[in-house]
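According to UniProt numbering, the sequence shown is numbered sequentially starting from 1.
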Amino acid sequence: MENKTEEIRIDVSRQTAEELALAKEHAQLVFRLNHTMPMTEEYDTLLHRIFPDMGAGSVVNTPLTAVRPHCVKIGRNVVVMNGCLMMAAGGIIIDDEAQIAANVQLISNNHDLDNRQVITCRPVHIGRRTWIGAGATILPGVTIGENSVVGAGSVVTRDVEPDTIVAGNPARVIRRIEKKQ
């Protein structure tokens with residue numbers, strides 16, 4: 001279950017002109033999305049430009065903050081409520097039918113302790129049919145297992161096994177979810 005993906009290090013003080021142009025384009029697209037009438041053709045077009053790898057039936061509500069959104073993969077029938085923060089330099093994968101409540105933070109990068117111009121990145125993976133409660137924070141390198149629940153306001157620092165409810169800061173196991181026959 002542990003996310004064994006190797007850490008990526010990015011020196012933000014040495015970004016290329018291409019990287020800076022892409023960051024500017026993404027920031028402008030997210031700004032436009034946040035100022036566009038939801039459930040319109042324009043909104044859907046912007047949403048798919050921001051998240052080109054977004055599955056059918058998925059909904060992302062605004063306001064949204066997304067840094068490096070091209071590193072986000074959203075499955076089918078996913079719901080992301082308003083106020084979500086996606087820091088995606090390390091990659092964020094949201095599997096099918098996941099439910100992300102309001103004001104959730106999905107953070108796949110952090111600053112190096114010795115050189116703050118370097119960000120350290122590890123992917124965040126939100127499993128199928130998970131429910132992330134309002135105001136929860138998922139930190140770099142964390143995988144939330146399929147059919148799990150993260151309680152509102154929780155800070156998840158470690159992987160969560162499938163079919164598990166966690167809550168708190170740091171998040172701890174509350175109980176297992178029994179499968180219905």
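We put the beta carbon where it would ideally sit given N, CA and C, even for glycine.
Starting from residue i, trace the alpha helix (DSSP H) both ways and give me its first and last residue.
i: LYS24; result: 17-34
i: ARG49; result: 41-50
Using CA coordinates, which residue listed in the options is at the minimum distance from residue i?
i: THR130; options: THR143, ALA98 and THR120; result: ALA98
i: ILE93; options: GLU146, ARG49, ASN115 and HIS111; result: GLU146
i: ALA89; options: GLU19, GLY75, ILE165 and LEU113; result: GLU19
i: ILE132; options: LYS180, ARG32, VAL30 and VAL104; result: VAL104
i: LYS179; options: SER148, VAL12 and ARG116; result: SER148
i: MET87; options: ASN110, VAL78 and ASP114; result: ASN110
i: ASP159; options: ILE165, VAL142 and ARG122; result: VAL142
Pull the bridge partners of residue i from the DSSP assignment, please.
i: ARG172; result: ALA167
i: HIS125; result: ILE93 and THR143
i: LEU85; result: THR65 and GLN105
i: GLN99; result: VAL79 and TRP131
i: MET37; result: Answer is none; MET37 lacks a bridge partner.
i: ASN110; result: THR120
i: LYS73; result: ILE93
State yes or no: is the C-beta of residue i within less than 8 Å of the C-beta of residue j?
i: SER108; j: VAL124; result: yes
i: PRO140; j: VAL155; result: no
i: ASP95; j: ILE126; result: yes
i: ALA134; j: ALA102; result: yes
i: VAL60; j: PHE51; result: yes
i: ARG32; j: LEU46; result: yes
i: ARG9; j: THR120; result: yes
i: ARG76; j: GLY57; result: yes
Can you tell me where the beta strand (DSSP E) with residue i in it begins and where it stops?
i: ASP11; result: 8-11
Next on the checklist: Under 8 Å: do the region 58-68 and the region 79-94 share three or more Cβ pairs, one atom per stretch?
Outcome noted: yes
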